[in-house]
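J.: Under this note's numbering, the first residue of the sequence shown is numbered 1, with each subsequent residue one higher.
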Amino acid sequence: MRRIVAPSMLSADFGNLERDTRMVDRSAAQWVHIDVMDGVFVPNISFGFPVMKPIRQATGKVLDVHLMITDPVRYAARFVEAGADYVTFHYEATDDCAACIEAIHAAGARAGISIKPATAAEVLEPLLPSVEMVLVMSVEPGFGGQSFIPSSIDKIRRLSEMKRRMGLDTLIEVDGGISSANARVLFDAGAEVLVAGSAVFRADDPAAEIERILNA
Ligand code: DX5
Ligand code: ZN
Numbered sequence: 001m002r003r004i005v006a007p008s009m010l011s012a013d014f015g016n017l018e019r020d021t022r023m024v025d026r027s028a029a030q031w032v033h034i035d036v037m038d039g040v041f042v043p044n045i046s047f048g049f050p051v052m053k054p055i056r057q058a059t060g061k062v063l064d065v066h067l068m069i070t071d072p073v074r075y076a077a078r079f080v081e082a083g084a085d086y087v088t089f090h091y092e093a094t095d096d097c098a099a100c101i102e103a104i105h106a107a108g109a110r111a112g113i114s115i116k117p118a119t120a121a122e123v124l125e126p127l128l129p130s131v132e133m134v135l136v137m138s139v140e141p142g143f144g145g146q147s148f149i150p151s152s153i154d155k156i157r158r159l160s161e162m163k164r165r166m167g168l169d170t171l172i173e174v175d176g177g178i179s180s181a182n183a184r185v186l187f188d189a190g191a192e193v194l195v196a197g198s199a200v201f202r203a204d205d206p207a208a209e210i211e212r213i214l215n216a
């Protein structure tokens with residue numbers, strides 16, 4: 001099983017974005033997670049293309065862009081142009097998931113699809129063969145620093161079983177309320193990519209917390 005940690009830049013210090021990105025770049029984290037919110041799909045606005053640019057310039061690591069926006073197909077290619085390696089959109093944000101997946105692939109990135117806490121894992125079954133990753137939200141999308149929703153663990157297990165049954169290699173990512181205190185149970189359930197925002201950036205030693213999550 002792969003183990004990947006993706007620190008979420010939403011919890012970084014935007015006044016020191018280059019410094020914080022370089023810290024992640026030097027750390028054991030393999031990916032950098034970027035949360036884009038439009039104030040419509042979620043009740044919060046984060047940042048967009050101009051803020052991605054200094055992050056892309058400060059690291060060669062995999063840029064994992066999590067779109068919490070309505071009508072994601074409209075902007076998919078621009079996020080790839082801005083340096084995204086993975087572009088993940090929400091199942092709940094579009095009527096045409098297949099078109100969105102196609103747009104991400106056509107632009108040259110890997111595609112991910114995410115479900116909110118109230119959405120059943122089973123809705124992803126028909127889409128699983130077309131994406132490289134599924135993202136289980138373990139908090140309501142919109143804000144960092146929330147508490148992990150325990151029922152997410154069962155969702156990870158069901159997705160893990162689904163991909164095994166279908167003979168697929170799709171990555172399972174989990175996002176929200178994750179720290180070194182609960183990373184182990186998530187890896188054990190079948191998660192391979194763990195996103196952590198506040199646990200990393202509020203730690204006294206962020207690089208050490210990243211190591212603790214990886215080795216949980
Ligand atoms: C929430 C974002 C998360 C957030 C996680 O909508 O998708 O990536 O930054 O933050 P923590 O780890 O603090 O829950
Ligand atoms: Zn996220």
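Just so you know, even glycine gets a beta-carbon here, dropped at the ideal spot from N, CA and C.
Check whether the Cβ of H66 sits closer than 6 Å to any heavy atom of the ligand ZN, and report yes or no.
T.: H66 Cβ: within cutoff of the ligand ZN.
J.: Any heavy atom of the ligand DX5 closer than 6 Å to the Cβ of A196?
T.: Yes, the beta carbon of A196 sits closer than 6 Å to at least one heavy atom of the ligand DX5.
J.: Since M68 and G144 are thought to touch, with beta carbons under 8 Å apart, how far apart are those beta carbons, to the nearest angstrom?
T.: About 12 Å; that fails the 8 Å criterion.
J.: In terms of residue numbering, what span does the alpha helix (DSSP H) encompassing E18 cover?
T.: Run containing E18: L17 to R26, per the alpha helix (DSSP H) assignment.
J.: Please work out which residues of its chain come closer than 8 Å, Cβ to Cβ, to R22, disregarding the five sequence neighbours upstream and downstream, and give them in chain order.
T.: Within the same chain, R22 has close Cβ partners A58 and T59.
J.: Locate the beta strand (DSSP E) running through F89, then write down its first and last residues.
T.: Start and end: Y86 to H90.
J.: Quick one: complete beta strand (DSSP E) runs, 3+ long, within the segment 36 to 82?
T.: Complete beta strand (DSSP E) runs here, min 3: 62 to 68.
J.: Cα-Cα, which of V136, L124, V24 and W31 is closest to F168?
T.: Residue identity check: residue 168 is Leu in the sequence provided, not Phe. Here the closest residue by C-alpha is L124.
J.: Given 8 Å as the limit, is there contact between the segment 6 to 16 and the segment 187 to 200, that is, 3 or more CB pairs closer than that?
T.: Judged by Cβ distances under 8 Å, the segment 6 to 16 makes contact with the segment 187 to 200, as three or more pairs qualify.
J.: Look up M133 in the DSSP assignment and give the residues it is bridged to.
T.: Bridge partners of M133: G112 and L171.
J.: Got a sec, what are the start and stop residues for the alpha helix (DSSP H) V185 sits in?
T.: Unbroken alpha helix (DSSP H) run through V185: A183 to A189.
J.: CB R110 to CB E81, shorter than 7 Å?
T.: No.
J.: The beta strand (DSSP E) with V195 in it runs from where to where?
T.: Taken as a continuous stretch (DSSP letters only), the beta strand (DSSP E) holding V195 covers V193 to A196.
J.: Run through the DSSP bridge pairs and tell me what V32 is partnered with.
T.: Partner(s): L63.
J.: Quick one: what's A6 bridged to in DSSP?
T.: DSSP, once it has assigned bridges, lists V195 as partnering A6.
J.: Roughly how many angstroms lie between the CA atoms of A208 and A181, to the nearest whole one?
T.: Cα-Cα distance, rounded: 13 Å.
J.: How should S147 be labelled, buried or exposed, when 16 other C-beta atoms within 10 angstroms of its C-beta is the threshold for buried?
T.: It is exposed - the Cβ of S147 has fewer than 16 other Cβ atoms within 10 Å.
J.: Roughly how many whole angstroms lie between the Cα atoms of R74 and E192?
T.: Approximately 29 Å between the Cα atoms of the pair.
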